[in-house]
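Each residue of the sequence shown is one higher than the one before, counting from 56 in the working numbering. In this text, a Cβ means the ideal position worked out from N, Cα and C, and glycines have one as well.
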Amino acid sequence: MTEEFDNFDDEMKNDIEESLPVEELSDSFNNSDVTEDDKLWAFLAYVFTPLIPIILLLIEDKKDRPFIKAHNAQALAWGIFNLIGGTILSSILFFCFGLPSILIWGVGVYWGWKAYQGEYVTIPVVTDFVKGQGWA
56 MTEEFDNFDD
66 EMKNDIEESL
76 PVEELSDSFN
86 NSDVTEDDKL
96 WAFLAYVFTP
106 LIPIILLLIE
116 DKKDRPFIKA
126 HNAQALAWGI
136 FNLIGGTILS
146 SILFFCFGLP
156 SILIWGVGVY
166 WGWKAYQGEY
176 VTIPVVTDFV
186 KGQGWA
């Protein structure tokens, strides 16, 4: 059984390695041409994506540097993917978890308004607990 998995893993690894254009990417620029500035801009492009990649597209002397160009394109695509995915997930989570939080916050605002009006507020379970502990 483990031999089947080992063979499967080897086949998958070979398929993945053949599909990746690693040699093409590494041959597109010479490592001796990569400056510390290029490395910094590539790093910043990934960390602050998609803002820095867009800025790099506007800087004339940076956008044509092979190292920056290769990483900038990847960082920009990754940033757009994160932006879209994050928006979708935030929307889903808002409707699942955010709505109850807003309702609970709204009830708290109502109780605050009542207290502001000078009324005593009785909160189910909480008021009894607080009085039982001697906190109120």
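Whole-angstrom distance between residue j and residue i, CA atom to CA atom
i, j, result
"R120", "N137", "25 Å"
"I107", "G163", "41 Å"
"S81", "T90", "Because S81 sits at a pLDDT of 47, beneath the cut-off of 50, its placement in the model cannot be relied upon, and the following sentence gives the value as read from the coordinates. Their Cα atoms are separated by approximately 15 Å."
"G134", "P105", "5 Å"
"W160", "G189", "26 Å"
"Q129", "I109", "12 Å"
"I139", "I147", "13 Å"
"Y175", "T182", "10 Å"
Under the three-state DSSP convention, the category residue i falls into
i, result
"V181", "helix"
"D116", "helix"
"Y175", "coil"
"T90", "coil"
Close beta carbons around residue i, own chain, < 8 Å, minus the five adjacent residues each side
i, result
"K94", "F122"
Buried or exposed by the 16-neighbour rule on C-beta atoms within 10 Å, applied to residue i
i, result
"L131", "buried"
6 Å CB neighbourhood of residue i in its chain, flanking five on each side removed
i, result
"L112", "K118"
Chain-order list of residues whose beta-carbon lies under 7 Å from that of residue i (same chain, five-residue window excluded)
i, result
"A100", "I107, P108, L111, H126, N127 and A130"
"W96", "L111, K117 and I123"
"E46", "Any question about residue 46 goes unanswered here, given that the chain covers just 56 to 191."
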